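Below is one structure, written out as structure tokens; comments come after it.
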Amino acid sequence: MLRMAATNRPSDRTPDRTPDRRSSWLKGVLDLLVLSCLTEGESYGYEISKALAGAGLGDIKGGTLYPVLNRLEEAGYVVGEFRAAERGPGRRYYRLTGEGRTALAHQTDAWLDFHASVRTTLTASLSTGES
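Numbering follows the UniProt record's numbering, with no gaps: position 2 of the sequence shown is 2.
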């Protein structure tokens, strides 16, 4: 049986029927966004997920978020610490390291440069297409 590509599912298309690329874009910047969520202090996965959703980035599932946190921890950008809870399951809290802050600053600059180039290109193509 043939499987349809993810972008061919009706739920992956915008109202004008073009493929919704936001999930692909998010994958390219999710590490940076997670680091950014930790600039104000430590947090745990569910809080990070809710902060990203609150910023309009959609529902980030644990199966997507926790591999990112693990990768950032392995890189030395965050430190995770498990804490038992008085009620319910314990949580793993993450905090940004000095190396993580440096990486966040460099990657933010790179992302903003990239964003400016994309915006310039798209804006130019829109103005050229006008009559």
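Ideal Cβ placement from N, Cα and C applies to all residues, glycine included. Here the structure is a predicted model, which means the values were calculated and not measured.
Secondary structure of residue i, DSSP reduced to three states
i	result
Glu74	helix
Leu126	helix
Gly63	helix
Gly58	coil
Expected contact under 8 angstroms - CB spacing of residue i and residue j to nearest Å
i	j	result
Leu32	Thr97	Not a contact, Cβ separation roughly 15 angstroms.
Close Cβ partners of residue i (< 8 angstroms) along its chain, the five nearest in sequence each way excluded
i	result
Met1	With a pLDDT of only 29 at Met1, under 50, the local geometry of the prediction cannot be trusted, and the value read off the model is given with reservation. Around Met1: no qualifying Cβ.
CA-to-CA distance, residue j to residue i, given in whole angstroms
i	j	result
Thr45	Arg119	Contrary to the premise, residue 45 reads as Gly rather than Thr in this sequence. Gly45 and Arg119: Cα-Cα distance of roughly 31 angstroms.
Gly41	Leu126	41 angstroms
residue 171	Tyr94	With the chain represented from 1 up to 131, any question about residue 171 goes unanswered, as that position is not in the structure.
Leu38	Arg71	15 angstroms
Asn77	Val29	According to the sequence shown, residue 77 is Tyr rather than Asn. Straight-line Cα distance between these residues: approximately 15 angstroms.
Glu86	Lys61	25 angstroms
Own chain partners of residue i with C-beta closer than 7 angstroms, once the 5 adjacent residues on each side are dropped
i	result
Asp59	Ala53
Leu65	Gly45, Ile48, Ser49
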